[in-house]
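*Asks:* Below you'll find the structure I mean.
Residue numbers (the numbering used here): 228 to 422.
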């Protein structure tokens with residue numbers, strides 16, 4: 228399966244044709260948050276996601292915190308996976324959005340035992356706006372590691388095959404590993420990932 232993954236695009240009022248064209252190579256599109264600029268023009272951007280003509284999985288970033296995504300449930304190809312899962316074939320996508328500025332997220336940690344019960348041999352892909360603590364995706368020059376220790380706990384206990392994260396724009400394109408888990412900040416231009 229091919230995934231078009233991207234994050235932190237901060238679209239002003241539309242999705243660029245270049246990104247929509249890149250999606251033709253993918254089976255599914257995944258955004259790790261911050262697809263708007265503080266929620267501006269969100270309705271227009273959400274309608275643009277329909278142009279992908281394939282499943283689009285979204286989590287909010289800190290720029291979409293507080294947005295009510297209920298009205299978009301009627302958009303057939305769009306799934307908001309914040310604190311939820313989405314199954315396609317043998318893959319279970321689990322999302323956790325928002326934030327990006329805290330080390331700990333109690334509600335994310337509370338999800339871990341529930342996921343352990345239900346993962347049933349699925350290949351897990353974790354989509355989080357906050358980068359995983361202690362990796363190349365969360366390191367800032369002069370500040371050290373600024374990512375989420377809750378995301379780190381999730382990775383260590385659930386052992387997803389892949390983590391897609393964002394928030395730290397200086398780390399677009401960074402790839403790291405924890406055990407067999409691959410952690411990627413796919414950046415704002417999008418990457419096609421084969422899983």
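Think of the CB as a built atom: it goes at the ideal place given N, C-alpha and C, for glycine as much as any other residue.
1. List the DSSP bridge partners of residue 306.
2. Along the chain, where does the beta strand (DSSP E) that runs through residue 352 open and close?
3. Going by DSSP, what residues sit across from residue 366 in a beta bridge?
4. Out of 410, 312, 391, 268, which has the shortest C-alpha to C-alpha gap to residue 259?
5. Among residues of its own chain, excluding the 5 on either side of residue 327, which ones have a beta-carbon nearer than 6 Å to its beta-carbon?
6. Can you tell me where the beta strand (DSSP E) with residue 320 in it begins and where it stops?
7. Check for me: the alpha helix (DSSP H) holding residue 421 runs from which residue to which?
8. Thinking residue 299 and residue 338 are a contact (beta carbons under 8 Å), I'd like their distance in whole angstroms, please.
9. In three-state DSSP terms, what is residue 253?
10. Quick one: measure Cβ to Cβ for residue 286 and residue 322, integer angstroms, because I've assumed they're closer than 8 Å.
11. Could you work out which residue in 275, 284, 310 is closest to residue 335 when comparing CA atoms only?
12. What distance in whole Å lies between the Cβ atoms of residue 385 and residue 229, which are believed to be in contact at a cut-off of 8 Å?
13. By the three-class DSSP mapping on this structure, what secondary structure does residue 262 have?
14. So, at 8 Å on beta carbons, what are the nonlocal neighbours of residue 269 in its own chain, with the 5 sequence-adjacent residues on each side left out?
15. Check residue 395 in the structure and name its three-state DSSP category.
16. What did DSSP end up calling residue 402 once you bin it into helix, strand or coil?
*Replies:* Working from what's here:
1. 284
2. 350–355
3. 372
4. 391
5. 289, 356, 357, 394
6. 318–323
7. Segment 418–421 is the beta strand (DSSP E) holding residue 421; no alpha helix (DSSP H) there.
8. About 22 Å; that fails the 8 Å criterion.
9. coil
10. 4 Å
11. 310
12. In fact, because the Cβ distance is near 23 Å, the residues do not count as touching under 8 Å.
13. coil
14. 263, 291, 294
15. coil
16. strand
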